[in-house]
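The structure appears below as structure tokens.
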Amino acid sequence: MDALFQVLTLLSQPKVVLVVLLSAVYGLIVGAMPGLTATMATALLVPFLFFLDPLSGLVAIITMEAVAIFAGDIPAVLLRIPGTPSTAAYTDDSYELTKQGKGSLVLALDLACSAIGGILGALAFIVGASWLIHIATSFTSFEYFWLAVMGLSGAALLASGAPVKGTMSALFGLLLSTVGIDVTLGYPRFTFGNINLLGGISFIPAMIGLYGVSEVLRQSTQSHLSHPPAPVHSDPLPRSVLQLLRRYKVQLLRGGFLGTLVGAIPGMGADIAAWLSYAIAKRFSREPQKFGKGSFEPIVDAGTANNAALAAAWIPALVFGIPGDPVTAIVIGVLMMKGLQPGPLLFQQQETLLNGLRAMFILANLLMLPLGYLAIRLAASLLRIPRNILMPVILLLCAVGAYALENNPFDIGIMLVMGVVGYLMQSHGFPLAPAVLGLVLGPLIEENFMISMTKAQGHFGEFFSRPVSLLLAAFTLVVWSLPLLASVVRRAPRQPSDATG
Amino acid sequence: MRMTADFAFGLVAVLLGLAAYITARGFPSPPGPYPGPGLFPQLLGLALAATGLALAIRGWKEGPRQPSKKPLSWRSWASHLAVIAAVLGYLAAAPRIGFLLAAFGLLAATMLCFGAPPRRALPVAAVTALSAFLLFGKALRVPLPPGPWGW
């Protein structure tokens with residue numbers, strides 16, 4: 000009880016409340032703009048977090064992310080353009096319903112499902128993290144190595160839908176992470192004599208480039224387009240939403256459960272949770288023929304799943320230091336920036352910080368209800384902001400944001416290069432998320448690999464000698480073999496698939 | 000025409016991977032049976048080259064998949080170049096003319112290149128540059144490049 004009181008006092012400080020409100024509004028605006036992803040929003044937020052204490056900083060990310068993923072549903076409903084990739088799964092259904100004049104109902108339903116999913120994911124975070132932390136304390140370099148490899152492999156091979164390109168993307172990220180002083184001998188690798196590269200590729204500028212500048216480049220070709228005005232809609236109807244929720248309570252719980260599970264697996268994230276949950280909803284539906292043509296079912300299922308996954312992705316990030324998606328990859332970066340190392344020690348030493356986060360996960364989702372309602376009302380005018388004005392503003396924010404962390408103009412160069420690379424990758428079907436996770440996990444994988452190799456004196460068999468590491472290694476092998484199996488079964492050329500993230 | 004994007008990307012990956020491998024072979028190694036700084040990048044380089052080869056072969060075999068996307072119009076090329084040039088121009092100009100003017104230049108140039116009407120683009124660019132200056136430079140105390148006039 001004391002702890003709860005302490006947490007509430009902590010969170011009701013005027014500064015924290017202000018941070019929460021501002022980041023919620025920011026999340027709404029960014030999420031509602033087609034093409035601006037929650038990841039990009041988080042990357043652009045980091046320069047501001049630099050000036051906040053760890054709690055306020057993380058609280059800002061939690062709020063912003065939850066609201067942005069909901070707001071991503073708004074353009075999907077009104078324009079059939081998903082605002083964030085995790086909305087893509089049920090965009091068609093949402094838009095069909097809008098055409099039937101039920102747009103406001105869909106948005107209100109989205110909002111309720113997002114909040115409920117977020118709370119389910121938050122509960123999983125609260126319970127799951129404290130349980131997993133006991134396992135994490137027994138982890139050695141072998142287990143960390145396999146867990147990180149498993150997460151990265153999942154992102155590369157399964158989540159991307161394009162195994163070869165996903166693997167290349169992951170390897171590229173890993174190679175980038177080896178730039179700079181190495182951990183064993185302190186030897187400068189791939190620095191080409193440039194002192195700016197001694198510390199490695201700066202992660203946040205790289206993220207801003209990959210997700211911000213690349214998006215500006217992508218949209219610059221269509222900047223003359225302006226979106227058609229959104230259809231007019233009436234007020235959301237709270238009572239009908241409650242009716243729908245009662246009717247689809249199985250879907251609601253199933254989406255929440257599945258989203259939590261998928262989100263908690265390192266390397267998966269909200270996008271894959273939404274798609275998987277859509278597929279399962281269709282498989283078990285009594286009327287699968289209605290899917291894609293205006294069914295409420297996938298909206299409830301996948302709309303709950305993506306927000307649940309969001310919170311659950313924090314579990315592996317904070318417990319093991321292994322991010323579930325690009326946003327939690329940034330979270331780890333922010334923690335490090337604040338001198339905090341994710342892992343068991345964080346849970347032992349930063350009790351108040353963690354309690355604050357636990358409470359905030361719940362609060363952010365409750366706060367989303369009134370703010371989301373407001374956003375639904377304002378959505379149409381948000382969507383009218385012309386791209387050819389918006390995109391240059393984002394470009395400036397990218398440049399200043401990349402510079403602001405280290406006050407180093409070289410980082411703007413990194414941002415630009417990564418922006419061009421990210422644009423080229425994305426426009427040719429290479430998923431970005433594996434590269435990001437590779438860049439973050441690279442040092443962790445290498446360090447634990449080197450420690451393990453040293454311990455094992457070069458005998459690779461040692462990597463499978465402990466029960467948990469054997470289990471994780473087995474999971475990794477399963478992840479590796481799944482795409483091979485799938486291609487053998489199909490014996491057909493793979494479909495080109497879109498990049499997510 | 001067998002020269003597909005996949006083939007080209009695969010080839011680039013092979014070259015990049017091999018270059019990383021060869022460079023990493025030259026890294027020093029500690030005495031004894033212990034692995035050195037070169038081991039990890041060497042493994043990665045080989046793996047990247049191998050997957051690149053797989054992609055290149057697949058691209059070569061399959062040829063252009065789907066009716067290939069129509070080539071970028073000159074307008075798209077110009078827009079891409081405008082973005083890159085704007086950032087490079089900002090990098091070059093900011094230390095000389097200060098953040099405020101450089102930021103205005105970046106905004107105005109890209110907005111106009113993207114086809115925004117000048118009477119809308121120029122005021123928005125000015126207001127945004129000033130807001131960014133106040134927000135980052137004053138409120139957050141980021142040492143933005145001052146230029147000869149201090150702004």
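One line per chain: the protein sequences are A and B, in this order. Numbering that gives the first Met the number 0 applies: residue 0 is where the first sequence begins, and numbers increase by one. Numbering that gives the first Met the number 0 applies: residue 0 is where the second sequence begins, and numbers increase by one. Each residue gets a CB set at the ideal place from its N, CA and C atoms; glycine is no exception.
Check                                                                                                                                                                   : Outcome
Just checking: is the beta-carbon of A398(A) within a distance shorter than 8 Å of some beta-carbon in chain B?                                                         : yes
On the three-state DSSP scale, how would you describe R188(A)?                                                                                                          : strand
Using the C-alpha atoms, what's the distance from L396(A) back to L216(A)?                                                                                              : 14 Å
When you compare each of N195(A), F69(A), I73(A) and L3(A) to G102(A) by their alpha carbons, which one comes out closest?                                              : I73(A)
Hey, how far is the Cα of V82(B) from the Cα of G421(A)?                                                                                                                : 14 Å
What does DSSP give as the partner residue(s) for I180(A) in the beta ladder?                                                                                           : P187(A)
For L438(A), collect the residues of the same chain with a Cβ closer than 6 Å to its Cβ; drop the 5 residues on either side in sequence, then sort them by chain order. : G172, L175 and S176
So which residues on chain B does K164(A) lean against when the C-beta distance must stay under 9 Å?                                                                    : D5, F8, T50 and L54
For my contact list, A311(A) and G120(A) are in at a C-beta cut-off of 8 Å; report their separation, rounded to the angstrom.                                           : 5 Å
With a CB to CB cut of under 7 Å and the five nearest residues on each side skipped, what residues in its chain are close to L52(B)?                                    : G9 and V13
Should K98(A) go down as buried or exposed, given a rule of 16 or more other Cβ atoms within 10 Å for buried?                                                           : exposed
With R140(B) as the anchor, note down where its alpha helix (DSSP H) starts and where it stops.                                                                         : No alpha helix (DSSP H) holds R140(B); DSSP gives it neither H nor E.
Does the Cβ of L7(A) have 16 or more other Cβ atoms within 10 Å, making it buried, or fewer, making it exposed?                                                         : exposed
Does the separation of the CB atoms of V318(A) and A135(A) fall below 8 Å?                                                                                              : yes
Does the beta carbon of S222(A) come closer than 8 Å to any beta carbon on chain B?                                                                                     : With a pLDDT of 47 at S222(A), under the threshold of 50, the modelled position of this residue cannot be trusted; read the value that follows with caution. Taking Cβ atoms only, chain B reaches closer than 8 Å to S222(A), which makes this a yes.
Suppose contacts are defined by Cβ-Cβ distances below 8 Å. Is L394(A) in contact with A102(B) by that definition?                                                       : no
Flag N364(A) as yes if its beta-carbon sits less than 8 Å from any beta-carbon of chain B, otherwise no.                                                                : no
Looking at the unbroken alpha helix (DSSP H) that takes in Q242(A), where does it start and where does it end?                                                          : P237 to R246
Runs of 3 residues minimum, wholly inside the segment 460–492 of chain A: which ones carry the beta strand (DSSP E) assignment?                                         : none
Is the number of C-beta pairs between the segment 372–382 of chain A and the segment 130–144 of chain A that are closer than 8 Å three or more?                         : no
Going along chain E in order, which residues have a C-beta closer than 9 Å to the C-beta of Y186(A)?                                                                    : In the displayed structure, chain E is absent; the protein chains listed are A and B.
Out of Q340(A), A2(A) and L334(A), point me to the one whose CA is closest to F50(A)'s CA.                                                                              : L334(A)
Grab the span of the alpha helix (DSSP H) containing F448(A) for me, first residue to last.                                                                             : A432 to A455
Compare the beta carbon distance of Y89(A) and Y277(A) with 8 Å and say whether it is the shorter of the two.                                                           : yes
For a test of the three-state rule: what should DSSP assign to F39(B), helix, strand or coil?                                                                           : helix
Using a Cβ-Cβ cut-off of 7 Å (strictly less than) and excluding sequence neighbours within five positions of I331(A), which residues of its own chain qualify?          : A316, G320, P322, P341 and V439
Whole angstroms are fine: how far does the CA of N195(A) sit from the CA of L155(B)?                                                                                    : Residue 155(B) lies beyond the stretch modelled for chain B, which goes from 0 to 150, so this question has no answer here.
Looking only at its own chain, which residues have a Cβ that is under 7 Å from the Cβ of L15(B), when we skip the five neighbours before and after it?                  : L47
Whole alpha helix (DSSP H) runs in the segment 38–126 of chain A with 4 or more residues, listed along the chain?                                                       : 53–70, 72–78 and 90–98
Pick out whichever of S75(B), F6(B), R140(B) and G31(B) has its Cα sitting closest to the Cα of R57(B).                                                                 : F6(B)
Is the Cβ of I21(B) closer than 8 Å to any Cβ of chain A?                                                                                                               : no
Which term fits N193(A), buried or exposed, when burial requires 16 or more other beta carbons within 10 angstroms of its beta carbon?                                  : exposed
Report yes if the CB atom of L106(B) is closer than 8 Å to the CB atom of A77(B), and no otherwise.                                                                     : no
Could you compute how far the alpha carbon of H427(A) sits from the alpha carbon of L156(A)?                                                                            : 17 Å
Looking at G208(A): is its Cβ nearer than 8 Å to the Cβ of M32(A)?                                                                                                      : no
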